[in-house]
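**Student:** First the structure, which I've put down as structure tokens, then a few questions once you've had a look.
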Amino acid sequence: MKFSKLIIKNFRSIGSEGLEINFPKDRNLTAIVGANASGKTNVLSALGIVLGMYPFSRFSPEDTDFFSKKSETELLIELYLDPPIVDHDVYRKGYTIAGFRYRAARYKVGERKGTLRDEHYCFDENGNTILKPQRIFRRKSQPDDGVDNTPKPILVSDQAWKLGDLFYLDPPTLERFFDKTTGWSPLGRLFEIYRDDFEADHNVYSHDGKTTMTSKEAFEKFSRNLAGILRTTKLSYIETGLSTRIREYLGNTSDQPLRVEFSLPSHKELFERWVALQISEHSGLPALPIERLGSGYRALLRLAVLETLLDMREGEHTSILLIEEPEMYLHVHLRRYFYQVLRRLAERGHQIIYTTHSPEFIDLAEPHEIVRLHRKPGDSTISKQVAVSTKLDFRRVKQKLRRMGNEEVVFANHAILTEGQDDKGIIEELLVRRGVDPDVHSISIINCDGTGQIKDYIHLCSELGVDFYVVHDRDDDSNKDIKKRNDQIAGAVSEANQSNPSLHVYNPTLEATMGTEKKKGNLDHLLELLGDKSYEDIRTTFPDLIKPIEEFVKSRGLKIEAKFGERDD
Numbered sequence: 002m003k004f005s006k007l008i009i010k011n012f013r014s015i016g017s018e019g020l021e022i023n024f025p026k027d028r029n030l031t032a033i034v035g036a037n038a039s040g041k042t043n044v045l046s047a048l049g050i051v052l053g054m055y056p057f058s059r060f061s062p063e064d065t066d067f068f069s070k071k072s073e074t075e076l077l078i079e080l081y082l083d084p085p086i087v088d089h090d091v092y093r094k095g096y097t098i099a100g101f102r103y104r105a106a107r108y109k110v111g112e113r114k115g116t117l118r119d120e121h122y123c124f125d126e127n128g129n130t131i132l133k134p135q136r137i138f139r140r141k142s143q144p145d146d147g148v149d150n151t152p153k154p155i156l157v158s159d160q161a162w163k164l165g166d167l168f169y170l171d172p173p174t175l176e177r178f179f180d181k182t183t184g185w186s187p188l189g190r191l192f193e194i195y196r197d198d199f200e201a202d203h204n205v206y207s208h209d210g211k212t213t214m215t216s217k218e219a220f221e222k223f224s225r226n227l228a229g230i231l232r233t234t235k236l237s238y239i240e241t242g243l244s245t246r247i248r249e250y251l252g253n254t255s256d257q258p259l260r261v262e263f264s265l266p267s268h269k270e271l272f273e274r275w276v277a278l279q280i281s282e283h284s285g286l287p288a289l290p291i292e293r294l295g296s297g298y299r300a301l302l303r304l305a306v307l308e309t310l311l312d313m314r315e316g317e318h319t320s321i322l323l324i325e326e327p328e329m330y331l332h333v334h335l336r337r338y339f340y341q342v343l344r345r346l347a348e349r350g351h352q353i354i355y356t357t358h359s360p361e362f363i364d365l366a367e368p369h370e371i372v373r374l375h376r377k378p379g380d381s382t383i384s385k386q387v388a389v390s391t392k393l394d395f396r397r398v399k400q401k402l403r404r405m406g407n408e409e410v411v412f413a414n415h416a417i418l419t420e421g422q423d424d425k426g427i428i429e430e431l432l433v434r435r436g437v438d439p440d441v442h443s444i445s446i447i448n449c450d451g452t453g454q455i456k457d458y459i460h461l462c463s464e465l466g467v468d469f470y471v472v473h474d475r476d477d478d479s480n481k482d483i484k485k486r487n488d489q490i491a492g493a494v495s496e497a498n499q500s501n502p503s504l505h506v507y508n509p510t511l512e513a514t515m516g517t518e519k520k521k522g523n524l525d526h527l528l529e530l531l532g533d534k535s536y537e538d539i540r541t542t543f544p545d546l547i548k549p550i551e552e553f554v555k556s557r558g559l560k561i562e563a564k565f566g567e568r569d570d
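For what it's worth, my numbering labels the leading residue of the sequence shown as 2, then goes sequentially.
Next up, the structure:
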């Protein structure tokens, strides 16, 4: 474990009241989920900024980096470490780095009033910026002779590398993933391992079975020979012609005249440019360079490079990976496989934090690895994590969700919990006719597979911070078992303590509100009763039917679009 807590204030979608994420001690894997524009990328960017990792190593804040452009308020990012970094100064006096802090604000007084400034320092157990002397001052009888001996703050850039290799992988950086010459890229790091080893003396080459030399020497020699092979008589003639004419143009008649030559590759240029990754599907096909591969193949290669790199560096030090949407370009089976790879890497000590929209990258059996973000338009991003003391059996609930195909509820802004497929179908139809598209508003309408299962879904939504609304039938509650069931659902809703109304009970049933009874092929029968009626016609014909729709839409402040059956003239 490397991180224990992240605090962000006044950064992009996160307001001055702040957002706090706690990382569980016994896990190195964290999934950040939420709807689009909820702030997932901003949280990942804040981590990259406070760690000083590429592409944020030279981050300079602009007005748009402050929440609502409020640059007069301090922007703050604090990352707490567990365990802390222990080091010592030039006097061998020890100190403890409890975390990293990045903050930016405008000067409020003085000549630089109004100018943006930022700080990127380490802090101690008490939250104070750590200062240390830069050199030893030995002359006791004389005053300090220079400002270089004044204690200065410890820069994060001098300490973050001690946490291990840092990788930030988002869509733009993925496009440069295979750049061998960029030190931040996984392929660049993997290539460095080979390049450093190539120059070692244990790599030898025998040209004729008799003469043995190191591989490095052999490569330099053969590179010179290659230059000699390329320099033909015709090439020399062209160079001489160019040189002569340029000298004539310039009037150059010195003893060391100007000369024009073709640049031929040196051994270093050959090594850097022409040792490249390519792939051949079988021996009968030519090898293709990376840039000619499809996005899916490139996604597989990224995964292979990443896993190979971390395997080869095993035992040296661990890594920190910040990944935005690892599911990109992968089909469902490979998404599941990639998730298992990330889990194995986390178990080996690498810390991995990623954003995702894919159920394949979420394991409800490990709920403390999930951070849910939510944001209403214009509001600040808020976070929700499952309480450490939770009593909900997430493994059991996970199986229920999988059986019913309800994994999407983890990603929803709102969940309408119904007791069966008939209720789900009618509620969805009524929402659409009301002018509320469930997909636009990130609403999951869930078939809980019976009223007996609704409690678990209520508890799940409550733990994850998913706004929910329950719709079920009262049925014949003169039956004590049915009454007990209804009371338990009402109790679970009350215990969740949501700020909005969260329960509607059809009395006695959904079918009764539509003047019918449950029949074979019930959903088709109920939809036939709705026919092509507009929402206003349904309101008139079945007033009790639309009550939960009205309450849900109004209490959640959902925007109404064009209504079913109406023309937009």
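The beta carbon of each residue, even a glycine, is placed where N, CA and C say it ideally should be.
As the structure is a prediction and not an experimental result, all values here were calculated from the model.
#1: Excluding the 5 residues flanking Gly19 on each side, which residues of the same chain have their C-beta closer than 7 Å to its C-beta?
#2: Between Ser58 and the ligand GDP, is there a pair consisting of the residue's CB and a ligand heavy atom that are separated by less than 8 Å?
#3: From the DSSP secondary-structure annotation, give me the bridge partner or partners of Phe124.
#4: Identify the residues that DSSP records as bridge partners of Ser386: which are they?
#5: Is it true that the CB of Ala38 sits closer than 9 Å to the CB of Ser17?
#6: From which residue to which residue does the alpha helix (DSSP H) around Gln422 run?
#7: How far does the alpha helix (DSSP H) with Ala347 in it reach, from first residue to last?
#8: If Ser598 sits next to Tyr81, beta carbons under 8 Å apart, how far is it from one beta carbon to the other, in whole angstroms?
#9: Report the CB separation of Tyr108 from Gly115 in whole angstroms; it is logged as a contact under 8 Å.
#10: Is Arg373 buried or exposed, if buried means 16 or more other CB atoms sit within 10 Å of its CB?
#11: Note down, in chain order, each residue of its chain lying with its Cβ closer than 6 Å to the Cβ of Asp570, except the 5 sequence neighbours on either side.
#12: So Ser58 is in the beta strand (DSSP E); what residue range does that whole segment cover?
#13: In chain order, what residues of the same chain lie with their CB nearer than 8 Å to the CB of Ala388, ignoring the 5 residues before and after it?
#14: According to DSSP, is Gln400 part of a helix, a strand, or is it coil?
#15: Is it right to say Leu30 is buried, meaning 16 or more other beta carbons lie within 10 angstroms of its own, or is it exposed?
#16: Tell me, which residues are paired with Ser416 by DSSP?
#17: Can you tell me whether DSSP reads Val306 as helix, strand or coil?
#18: Going by the CB atoms, is the gap between Leu322 and Ile353 shorter than 9 Å?
#19: Taking the alpha-carbon positions, what's the Arg136 to Ile155 distance?
#20: By Cβ distance, which residues of its chain are closer than 6 Å to Glu552, with the 5 residues on each side in sequence left out?
#21: Over what stretch of residues does the alpha helix (DSSP H) that includes Ile50 continue unbroken?
#22: If the criterion is Cβ atoms closer than 9 Å, does the pair Leu346 and Leu311 meet it?
#23: So, for Phe565: in the same chain, excluding its five sequence neighbours on each side, which residues have a beta-carbon less than 7 Å away from its beta-carbon?
#24: Using a Cβ-Cβ cutoff of less than 6 Å, which residues in the same chain neighbour Arg260 once the five nearest sequence positions on both sides are dropped?
#25: What's the C-alpha gap between Val1 and Met405?
#26: So Ala493 packs on Lys456, CB below 8 Å; how close in whole Å?
#27: DSSP three-state call for Gln489: helix, strand or coil?
#28: Residues in the same chain with beta-carbon distance under 6 Å from Ala47, minus the five sequence neighbours each way, listed in chain order, please.
#29: Can you look up Met405 in the DSSP assignment and give me helix, strand or coil?
#30: Measure the CB-CB distance between Asn407 and Ala36 and report whether it falls below 9 Å.
#31: Look up Met290 in the DSSP assignment and give the residues it is bridged to.
**Tutor:** If we stick to the structure as given:
#1: Ile8, Ile9, Lys10
#2: The ligand content of the structure shown is nil, which means the ligand GDP is not present either.
#3: Gly100, Thr130
#4: Here residue 386 turns out to be Gln, not Ser, going by the sequence shown. Gln386 is bridged to Val372.
#5: Contact flag unset, no.
#6: 422-435 is the span of the alpha helix (DSSP H), which, as asked, contains Gln422.
#7: 333-348
#8: Given that the chain is displayed from residue 2 to residue 570, the structure contains no residue 598 and the question cannot be resolved.
#9: About 7 Å separates the two Cβ atoms, so the contact holds.
#10: buried
#11: Annotation note: pLDDT 41 at Asp570 (below 50); position unreliable, coordinate value reported separately. The beta carbon of Asp570 lies closer than 6 Å to none in the same chain, with the five residues before and after it left out.
#12: Taken as a continuous stretch (DSSP letters only), Ser58 belongs to no beta strand (DSSP E), as it is neither H nor E.
#13: Taking C-beta separations shorter than 8 Å and ignoring five residues to either side along the sequence, the partners of Ala388 in its chain run Glu464, following chain order.
#14: Three-state result, Gln400: helix.
#15: buried
#16: Checking the sequence shown, residue 416 turns out to be Ala, not Ser. Bridge partners of Ala416: Ser445, Phe469.
#17: helix
#18: It is a contact, given that the beta carbons lie within the stated cut-off.
#19: Going from the Cα of Arg136 to the Cα of Ile155 covers about 14 Å.
#20: Pro502
#21: Run containing Ile50: 41-52, per the alpha helix (DSSP H) assignment.
#22: yes
#23: Residue confidence is low: Phe565 scores 48 on pLDDT, short of 50, so the model does not pin down where it sits. No coordinate-derived value is stated.
#24: Ser244
#25: Beyond the ends of the chain as shown, which are 2 and 570, falls residue 1; an answer cannot be given.
#26: 5 Å
#27: helix
#28: Around Ala47, the same chain offers Ile9, Phe12, Ile78 as residues with beta carbons nearer than 6 Å, after the five sequence neighbours per side are excluded.
#29: helix
#30: no
#31: One point to set straight first is that residue 290 is Pro, not Met, in the sequence displayed. According to DSSP, which records beta bridges pairwise, Pro290 is partnered with Gln279.
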